[in-house]
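> At position 439 of the sequence shown the residue is numbered 1096 (our numbering), and the sequence of numbers has no breaks.
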Amino acid sequence: MTDQIQLLVIDNNPLLLMGTLQILKTEGYSITEATSGTKGLQLAKKKKPDLILLNVVLPDLSGLEICRRIKSDPALPQCFIILFDSTMTSSDKQAEGLKAGANSYIAGPISNRELVARIQDMSRIKSTQDALKASEERFRLMYENAPSAYLTLDENGCILSVNPAWERFLGYAKADVSGAFIYDMLPPSDAEKLRSYFSSGFSSGSAFKPFQDLELNIRRNDGSTARVLLNCFRETVANSKRGKTHAAFCILHDVAEKSKTQESLLKTQQLEFTATLAGGIAHDFNNLLMSIMGNISLAQLYLNPEDNANKILEKAESTCNQGKELTQHFILLSKCGYPSKKPSSMEKLLKESSVIGIPIPNVDVVLDLPDGIWKIEADEHQMQYALTHLMTNAVESMPGGGKVHIKIRNIVVSDHTPRPAHPISSGRYLHLMIQDQGQGISSEHLPRIFDPYYTTKELGPKKGMGLGLTTVYSIIHKHEGFIFIESEVNRGTTVDIYLPALLDNESQDGGTPNLSHLN
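Okay, structure coming up:
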C-alpha cells in the first residue's frame, strides 16, 4: 500500500482507463477525475495532487498546453505530470511533451499492468524527490538558525554562502561578501596560512581534506579583529557551469567566547573543590564551636554579671556565633547542602524575604511582578538565603540611599526565539533581575566576584567573609540555573538570575503566562 498518493486523471474518455484506475485504487491511490482540460486545471489548483495523468488529446485544451500552465503555476511546482497517448506517438512528439514540462511520456497502446507500473515508478521518484527537498529544507533551517558562524568556500577561497550567525558575528551583510575572497579579511600571514591549508586540502583534485582548529585573526566590518578557530569539512555544491564541484564547509568559533566557557568551567571546578573541602570540616568545626559555647555558658554561671571577665566571655560567645554563621556557609557550599526542592513561587519567596516589606531609610524597593509567573523547583530555605544576600548587598551598596528594582519575567530560549543577552542554554526560564543604584564594582574586581574568600568589603565582624556571593553562586548552580553580574562604578549593579521553570501545568498558579525575550 502506498501512503495515499493524490492522483488527478485528466481524460475525456475515462472508460479507457477504468481497469487501470481500479488497480490503482486498490493500491491506495486517492483518485480524482476530470473529463476536460479546463476542469482539470481547476481541480489541479484546488486539490494540488502529487501526480497528474494527463491525456495529450482533449476536446478543449491540448495536454501540452495544460502541462505548460501547471508547470508555470507557482502554487503547483511539485506536481509530477505523466502525459499519455493511447496511440503510437513519434519520438519528436514525446520530446515536445517533455519540453513542455512533463516528467514522463507514455505512448500507447499499453497494457493496464505496464501503465500501473509506470505510474508507481513515478510515484517512487516523486516520493524520493519530496524526501530530498524536505531534507534540504531541514538543513537550510539548521544552517540559517544555527548559533555558530557558518560559511562555504570554494577551492579558491571565494565565499559561496554565509549564515545569519556569521553576519551577526562579523557585521557583514551576506550580499556584500558573496563572491568575495576570505583571504581579503585576514592579515597577510594568516591569509598565507589558510592558502596553504586549502592548497593541501584540494591538492588531490577530488575530495577536500578537512582540518580543524586553525587559529586565525579575521577583520570585522567595523575594523576590529576577532580571533577565531576555523574548522573546515568537505562539501559538494552545484555549479551552473561545471556541474557539481567540491567546496569546503567551514565553522568559525570565537576564541574569546571559548575562553569564557573555559573560565566558567574552571570556576565551577574551583567551587566544587571548595565544596569538598568545606564539607570535610563543616560538621567537625560546628561540634567544636558547640563545645566552646557550652563551656562559655558554664563559666558565666560562676561569675557575677558585673565581673569584667563576663564581658570577655560575652565577646567570645559573639565571635562563636559568627563562627556558626561561617559554618552555615560551609554547609551550603558542600555536597551536604544540596537542595531539597519542591514547587515554589518566586513571588512568594521575594515577599517573604527579610529585606522586602521592612522600611529602609532612603531606600525605595520597587517590585515588578506580573501575573502568570511560572513556578520553579527550589529549596526555599536556600533560595531565601540567596535572595536575602543579594538584596542586602544592593541596599548596603547605597549608603546615601537610592532605588532597588526587582523584576521577574517568563522567558523561552530556543533556536527560533531571540537569544537573551546572557549565554544560557535553550529552555523555559524564570528570569529574576535585581538592579541597584549603588557604588558599583570596578572592572578589576568584577571577574573574581564569585571567588571564595574574595570580597570588596572590609573583613571582620559584621563586615565581609568573602563567602556570600560564592554561596549564592553555589545555590543557583545546584538549582541548575545561571547567574550573571554586571556593574559600573558609581552607576550601580545588575544581577540576572535564570532558573528553570517547571513544565508541569498542574504546578502552575494559572493565569496567562507573561512571556518575554530579553535582547
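We put the CB at the ideal spot given by N, CA and C, even for glycine. Computed from a predicted structure; not experimentally measured.
If you reduce the DSSP assignment to three classes, tell me which class Gly-1059 lands in.
The sequence position of residue 1059 within the sequence shown is 402, counting from 1. Gly-1059 falls in the strand class under three-state DSSP.
> In the DSSP assignment, find the unbroken alpha helix (DSSP H) run with Asn-769 in it and report its ends.
As a first step, residue 769 must be located in the sequence shown, where it is residue number 112. Start and end: 769-802.
> What are the start and end residues of each continuous beta strand (DSSP E) run of 3 or more residues lying completely inside the stretch 971-1038, in chain order?
Within the stretch 971-1038, the complete beta strand (DSSP E) runs of at least 3 residues are 999-1001, 1020-1025 and 1033-1035.
> When the distance is taken between beta carbons, is Leu-664 closer than 9 Å to Leu-711?
What you label residue 711 is simply residue 54 of the sequence shown in a count that begins at 1. What you label residue 664 is simply residue 7 of the sequence shown in a count that begins at 1. No.
> Can you tell me the Cα-Cα spacing of Gly-880 and Ser-853, whole angstroms?
Counting from 1 along the sequence shown, the entry for residue 880 is found at position 223. Counting from 1 along the sequence shown, the entry for residue 853 is found at position 196. If you take the alpha carbons of Gly-880 and Ser-853, they lie about 25 Å apart.
> Give the DSSP-derived three-state secondary structure of Ala-806 in the structure shown.
Counted from its first residue, the sequence shown places residue 806 at position 149. Of the three classes helix, strand and coil, the one that applies to Ala-806 here is strand, per DSSP.
> Rounded to a whole number of angstroms, what is the C-alpha to C-alpha distance between Met-950 and Ile-1030?
Taking the sequence shown and counting its residues from 1, the one referred to as residue 950 is at position 293. Taking the sequence shown and counting its residues from 1, the one referred to as residue 1030 is at position 373. For Met-950 and Ile-1030, the distance between alpha carbons rounds to 45 Å.
> Considering only DSSP beta bridges, list what Ile-1065 is partnered with.
Position 408 of the sequence shown, counted from the first residue, corresponds to residue 1065. BP columns for Ile-1065 point to Leu-1089.
> Check the C-beta distance from Leu-1103 over to Ile-1142 and give it rounded, since I have them as a contact under 8 Å.
Locating residue 1103 in the sequence shown gives position 446, where the first residue counts as 1. Locating residue 1142 in the sequence shown gives position 485, where the first residue counts as 1. Right, their Cβ atoms sit about 7 Å apart.
> How close, in whole Å, do the beta carbons of Val-912 and Leu-886 come, if the pair is a contact with beta carbons under 8 Å?
Numbered from 1 along the sequence shown, position 255 holds the residue referred to as residue 912. Numbered from 1 along the sequence shown, position 229 holds the residue referred to as residue 886. With 8 Å as the limit, Val-912 and Leu-886 qualify as a contact, their Cβ atoms being about 6 Å apart.
> Would you give the residue range spanned by the alpha helix (DSSP H) that Val-834 belongs to?
Here residue 834 corresponds to residue number 177 of the sequence shown, with the count starting at 1. Per DSSP, Val-834 belongs to the alpha helix (DSSP H) from 831-834.
> Kindly indicate which residue of Asn-1147, His-1038 and Lys-1005 has the alpha-carbon position closest to the one of Ala-1051.
Within the sequence shown, residue 1051 is the residue found at index 394, counting from 1. Nearest of Asn-1147, His-1038 and Lys-1005 to Ala-1051, Cα basis: Asn-1147.
> For Leu-970 and Ile-953, I'd like the C-alpha separation in whole angstroms.
The residue given as residue 970 occupies position 313 in the sequence shown. The residue given as residue 953 occupies position 296 in the sequence shown. Cα to Cα, Leu-970 sits roughly 6 Å from Ile-953.
> Quick one: what's Ser-1144 bridged to in DSSP?
Reading the sequence shown from its first residue, position 487 is the one you call residue 1144. Answer by DSSP bridge pairing, in chain order: Thr-1150.
> Touching or not, the stretch 763-778 and the stretch 720-735, by the rule of three or more beta carbon pairs under 8 Å?
No: the two stretches stay apart, fewer than three of their Cβ pairs being nearer than 8 Å.
> Please say whether Val-713 and Asp-742 have beta carbons closer to each other than 9 Å?
Position 85 of the sequence shown, counted from the start, is the residue given in the question as residue 742. Position 56 of the sequence shown, counted from the start, is the residue given in the question as residue 713. Yes, the pair counts as a contact, with Cβ atoms nearer than the cut-off.
> Check whether the Cβ atoms of Tyr-1155 and Leu-1087 lie closer than 9 Å to each other.
Against the sequence shown, residue 1155 aligns to sequence position 498. Against the sequence shown, residue 1087 aligns to sequence position 430. Contact: yes.
> In chain order, what residues of the same chain have a beta carbon less than 8 Å from the beta carbon of Val-1023, not counting five sequence neighbours either side?
Taking the first residue of the sequence shown as position 1, residue 1023 is located at position 366. Excluding positions up to five away in sequence, the list reads Lys-1060, Val-1061, His-1062 and Ile-1063.
> When we look at the beta-carbon of Asn-944 and count the other beta-carbons within 10 Å, is it buried (16 or more) or exposed?
Here residue 944 refers to the residue found at position 287 of the sequence shown. Looking at its Cβ environment, which holds fewer than 16 other Cβ atoms inside 10 Å, Asn-944 is exposed.
> Between Gln-1096 and the rest of its own chain, which residues show a CB-CB distance below 6 Å, the 5 nearest in sequence each way excluded?
Here residue 1096 corresponds to residue number 439 of the sequence shown, with the count starting at 1. Ser-1054.
> Between Asp-1025, Arg-795, Ile-1033 and Pro-1056, which lies nearest to Pro-1018 when the distance is taken from Cα to Cα?
For the purposes of this step, residue 1018 is taken as residue 361 along the sequence shown, with counting starting at 1. It is Pro-1056 whose Cα lies nearest to the Cα of Pro-1018.
> Quick check on the DSSP output: the beta strand (DSSP E) that includes Leu-664 runs from which residue to which?
Working through the sequence shown from its first residue, we reach residue 664 at position 7. Unbroken beta strand (DSSP E) run through Leu-664: 663-667.
> State the beta-bridge partners of His-910 as determined by DSSP.
Counted from its first residue, the sequence shown places residue 910 at position 253. Note: His-910 sits in a beta bridge opposite Leu-886.
> Pick from Ser-1071, Asp-717 and Ile-1106: whose alpha carbon is nearest that of Gly-1084?
Your numbering for residue 1084 matches position 427 in the sequence shown. Residue Ser-1071 is the option with its Cα nearest to Gly-1084.
> How is Gln-697 classed by DSSP in three states: helix, strand or coil?
Locating residue 697 in the sequence shown gives position 40, counting from the first residue. First, the residue type needs correcting, since residue 697 is Gly and not Gln in the sequence shown. Correct three-state label for Gly-697: helix.
> Quick one: grab the DSSP three-state call for His-1079.
Counting from one through the sequence shown, the residue named residue 1079 turns up at place 422. Coil at His-1079, not helix or strand.
> Measure the alpha-carbon distance for Gly-1117 versus Glu-1037 and round it to whole angstroms.
Position 460 of the sequence shown, counted from the start, is the residue given in the question as residue 1117. Position 380 of the sequence shown, counted from the start, is the residue given in the question as residue 1037. Unreliable positioning characterises Gly-1117 in this predicted model, as indicated by a pLDDT of 44, which lies under 50. A coordinate reading is not provided.
> Is it true that the CB of Leu-1159 sits closer than 9 Å to the CB of Glu-1034?
The residue you call residue 1034 lines up with position 377 of the sequence shown. The residue you call residue 1159 lines up with position 502 of the sequence shown. Cβ distance < 9 Å, so Glu-1034 and Leu-1159 count as in contact.
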